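Structure record follows, encoded as structure tokens.
Residue numbers (the UniProt record's numbering), protein chains in the order written: chain Z, 1 to 339; chain C, 1 to 505.
So this is what it looks like as structure tokens:
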């Protein structure tokens, strides 16, 4: 190791500065993404059309928001498995209150659509806050506490409507998942906006930096005056809210709420976050990296579908490729930081 | 009864022929370029109780690690009970010969006492399965034979410190070890428990068990040990029966000849006016009682004491990390207090974050509105600190974990100074850094003092205490003595170790 005293901290070449600012780790998946896109173009000429690419982005917009939520929690060294059940539960609760016809599985209450949107978000935040209470205050093991919450919410979602799918939802309730702005779906705008905002907050705001400090060394963070418990708790609540928003967008996209909405999504959330460089041990990773993870998964899903692999095999291929990308990032991702 | 158990246990030697339970010859050990043990030769006769003393960093832990087979010597020979030491990897052979009861818990909290005693050597029934009833009965019988009073069905997590020690001693004896090393066994014990421990040690000694006893409490050594081995800077400097070693001579051996003369105490500034920090009638739980002192602006006071004396808790109370009774007050209500915690790895650095962020983590509110951090302002502040403290790093963005220990410690000092504090609380601020960094750190402290900060150094390191204008000594939660400029290291060490009254009575 060469120690050099700092003479002039600024004033290097522009391009080098950019690369070092991104620390390369965030770009590790780019070659893999490009490879996947080449493969897609070969497999099916319709892959590289604007429609298909927008389609990919829209399809992974909900996943990408969940990945933000989970990344925030992972950064403080915590864990939340229940996010995917919030994706199903909150829209279902609201839809159930909206649908006036009890024979279709509704409550008969006839809730206003705008109020319902607010309800979805508030419910998500409350559930997240409760998770935070279990993990931060009661110090329950995060894995098992949020697993129990996952099962509880999943069961409640099905129980509420006896497993039925709810249709005929008001347009305002579906807007976020179905409308387009300037030819691009609103959900893509929202996801992009959230990545921008949270990316900046994590980089340039005290609270964002506090998450890294907490995940890296909670004891040292506490001694340095960071309110560790309060921030961690807040992150759980925020993650619940984001998961509920993702659920609302998913509902809008398919114009209904299925009892199984969000099911199994959590595996892809973790896969995207981890191959994107978010450390499961906390304190490390960037949203930009997580976003490349999401996009890679989205492209793979699309390519595998287009390539007409038998549907039964898609998941296996998917799993194999995730493993492969993990191995690739291990070999290419760690080294540049020592430069 | 006792002898039957002893003979039934596996023996390292075929008879009781070996005269020495432990013998080392010219044992040395280096870590990289630093040599922590030099040619240490000593021997402990069977049935002896030997005190092993030395100040922090004297090489005690390394020596213990070598004679218990956790570490190989760079040179030299270790003999146990007359036989050459087993190969380093042969844990079972080591365990049959020597055991160390550490301060940290090595019992498994989720198993019962009986299971812990027979871990991995449980008595089995005819089917080769664990015989639970026999396990319990054997454990009960064994404990009773040694006069060790613990219920074998008790969950280990529910043991008191005293009971835990008993279990660890029992386990070592069961595995066949007749040489026990006790590392600071009384640190967490109350007076009554200490006496019971000593009774137990004497009892076991009569059965032929040899003890090596490591303690900072010198008065205990005189109570329980027959002989003493003193290490200083990796050298064996004294090895004698305690009868030939009065307390003064022992302290002298620990501190070294150079310290015989009083150090040139630093010249502090005489200041009048309100104290920068007032501590009055401070009490923290049952740990600290009746602690009162003032710190003047520009003054540096040392708070010296053993680990567990309550000294660190006082520091934590001052910066608001701990509940307390009594009064802690700065000159003005809003005065900032800078803090350097003990153990930078555990409690100090934020390892993945950059040096810039580590320096400025306590003052991020000053880098922009609504909690936003302007990287330019943050970097400006950080680079000013880096320059004034002489921190050596490749860039401000380098993760702090990649810096050398001395530079990490300077970083923590910079963090404490970043808020322009009126009071600095430093806990062992130069621990684990090289000489040059140590000097640099002292320079930083002196500069802060000159700028009017009141400094409290909490430590038992003589070099750190030497820069203080005065030193208060805390022993078992109470301030026992104060030293002004005219002081020498021996008196401070004696007071830290609780010898104060005998020395001056």
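Glycine included, C-beta positions come from ideal geometry on N, C-alpha and C. Every value quoted in this text rests on a predicted model; they were computed, and no experiment measured them.
- Query: Taking Cβ positions only, does residue 414 (chain C) come closer than 8 Å to chain Z?
  - Reply: Not closer than 8 Å to any Cβ of chain Z, the Cβ of residue 414 (chain C) fails to qualify, so no.
- Task: With DSSP collapsed to three states, give me the class of residue 195 (chain Z).
- Result: If DSSP states are grouped into helix, strand and coil, residue 195 (chain Z) belongs with the helices.
- Task: Can you give me the start and stop residues for the alpha helix (DSSP H) that residue 212 (chain Z) sits inside?
- Result: Note, residue 212 (chain Z): alpha helix (DSSP H), 206-216.
- Message: Between C:197, C:345 and C:297, which has its C-alpha nearest residue 455 (chain C)'s C-alpha?
- Response: Minimum Cα distance to residue 455 (chain C) is reached at C:297.
- Just the chain Z side, please: which residues come within less than 7 Å of residue 361 (chain C) by C-beta, in chain order? Those are 213 and 224, listed as they occur along chain Z.
- Message: Between which two residues does the beta strand (DSSP E) holding residue 183 (chain C) run?
- Response: Taken as a continuous stretch (DSSP letters only), the beta strand (DSSP E) holding residue 183 (chain C) covers 179-183.
- Message: Per the DSSP calculation, residue 238 (chain C) is bridged to which residue(s)?
- Response: Note: residue 238 (chain C) sits in a beta bridge opposite C:230.
- Item | Given residue 434 (chain C) as reference, the closest of C:481, C:34, C:67 and C:218 once Cα atoms are compared | Considering only C:481, C:34, C:67 and C:218, the residue with the shortest C-alpha distance to residue 434 (chain C) is C:34.
- Item | Nearest-angstrom beta carbon gap, residue 29 (chain Z) and residue 293 (chain Z) [assumed within contact, 8 Å] | Between residue 29 (chain Z) and residue 293 (chain Z) the Cβ distance is about 6 Å, and since that is below 8 Å, they are a contact.
- State yes or no: is the beta carbon of residue 333 (chain C) nearer than 8 Å to at least one beta carbon in chain Z? Closer than 8 Å: no.
- Task: Could you have a look at residue 187 (chain Z) and say whether DSSP puts it in helix, strand or coil?
- Result: If DSSP states are grouped into helix, strand and coil, residue 187 (chain Z) belongs with the helices.
- Query: Just to confirm, are residue 55 (chain C) and residue 227 (chain C) a CB contact at a threshold of 8 Å?
  - Reply: Cβ distance not < 8 Å, so residue 55 (chain C) and residue 227 (chain C) don't count as in contact.
- Where does the unbroken alpha helix (DSSP H) through residue 281 (chain Z) begin, and where does it stop? For residue 281 (chain Z), no alpha helix (DSSP H) run applies, since DSSP gives it neither H nor E.
- Any C-beta of chain C under 8 Å from that of residue 284 (chain Z): Yes, because at least one Cβ of chain C sits closer than 8 Å to the Cβ of residue 284 (chain Z).
- Message: To the nearest angstrom, how far is the alpha carbon of residue 251 (chain C) from that of residue 163 (chain C)?
- Response: Approximately 32 Å between the Cα atoms of the pair.
- Query: Going along chain Z, which residues have a C-beta under 8 Å from residue 252 (chain C)?
  - Reply: Here the premise fails: no neighbours, minimum Cβ distance about 38 Å.
- Message: What does the Cβ neighbour count give for residue 120 (chain C), buried or exposed, with the cut at 16 atoms within 10 Å?
- Response: So residue 120 (chain C) counts as exposed.
- Message: Can you tell me whether residue 463 (chain C) is helix, strand or coil according to DSSP?
- Response: In this structure, residue 463 (chain C) counts as helix in the three-state DSSP scheme.
- Item | Cross-strand partners of residue 482 (chain C) (DSSP beta bridge) | Residue pairing by DSSP places residue 482 (chain C) opposite C:472 in a beta bridge.
- Query: Cβ of residue 14 (chain Z) less than 8 Å from any chain C Cβ?
  - Reply: Because residue 14 (chain Z) sits at a pLDDT of 48, beneath the cut-off of 50, its placement in the model cannot be relied upon, and the point is left open.
- Message: Using a Cβ-Cβ distance cut-off of 8 Å, determine whether residue 487 (chain C) contacts chain Z.
- Response: By this cut-off, residue 487 (chain C) is not an interface position.
- Query: Using a Cβ cut-off of 8 Å, which residues of the region 332-354 of chain C contact any Cβ in chain Z, in chain order?
  - Reply: Residues 339, 341, 346, 347, 348, 349, 350, 351, 352 and 353.
- Residues bridged to residue 181 (chain Z) by DSSP? Residue pairing by DSSP places residue 181 (chain Z) opposite Z:184 in a beta bridge.
- Task: Output the distance between the C-alpha atoms of residue 421 (chain C) and residue 336 (chain C), rounded to the nearest integer angstrom.
- Result: Spanning the two alpha carbons is a distance of roughly 5 Å.
- Message: Cutting at 7 Å between CB atoms, please list the residues of its own chain near residue 170 (chain C), excluding the five before and the five after it.
- Response: Cβ neighbours of residue 170 (chain C) beyond the five flanking positions: 117, 142, 143, 146 and 148.
- Message: What are the residues in the region 119-147 of chain Z lying within 8 Å of chain C by C-beta distance?
- Response: So nothing in the stretch comes that close.
- What separation, rounded to the nearest whole angstrom, lies between the Cα atoms of residue 32 (chain Z) and residue 387 (chain C)? Each residue's Cα considered, the two are about 42 Å apart.
- Task: For the beta strand (DSSP E) containing residue 292 (chain C), list its first residue and its last residue.
- Result: In the DSSP annotation of this structure, the continuous segment of the beta strand (DSSP E) that includes residue 292 (chain C) starts and ends at 288-295.
- For my contact list, residue 214 (chain C) and residue 184 (chain C) are in at a C-beta cut-off of 8 Å; report their separation, rounded to the angstrom. Indeed, because the Cβ distance is near 6 Å, the residues count as touching under 8 Å.
- CA-CA distance, residue 243 (chain C) and residue 196 (chain C)? If you take the alpha carbons of residue 243 (chain C) and residue 196 (chain C), they lie about 23 Å apart.
- Decide if the region 283-293 of chain C is in contact with the region 319-330 of chain C; the criterion is three or more beta carbon pairs, one per stretch, under 8 Å apart. Remark: three or more beta-carbon pairs, one from each stretch, lie closer than 8 Å, so the region 283-293 of chain C and the region 319-330 of chain C are flagged as touching.
- Within chain Z, partners of residue 373 (chain C) - CB distance below 8 Å: Listed along chain Z, the residues sitting closer than 8 Å to residue 373 (chain C) by beta-carbon distance are 204, 205, 206 and 209.
- Query: In whole angstroms, what is the alpha-carbon distance linking residue 239 (chain Z) and residue 68 (chain Z)?
  - Reply: So the alpha carbons of these two residues sit roughly 8 Å apart.
- Query: Would the C-beta of residue 397 (chain C) count as close to the ligand GTP, meaning under 7 Å from any of its heavy atoms?
  - Reply: Ligands in the displayed structure: none, and consequently the ligand GTP is not present.
- Query: Which of the residues in the region 300-334 of chain C, read from start to end, lie with their CB under 7 Å from any CB of chain Z?
  - Reply: Taking 7 Å as the upper bound on Cβ-Cβ separation, chain Z lies near residues 321 of the region 300-334 of chain C.
- Query: Taking buried to mean at least 16 other C-beta atoms within 10 Å of its own C-beta, is residue 206 (chain C) buried or exposed?
  - Reply: By the neighbour-count criterion, in which 16 or more other beta carbons inside 10 Å mark a residue as buried, residue 206 (chain C) falls on the exposed side.
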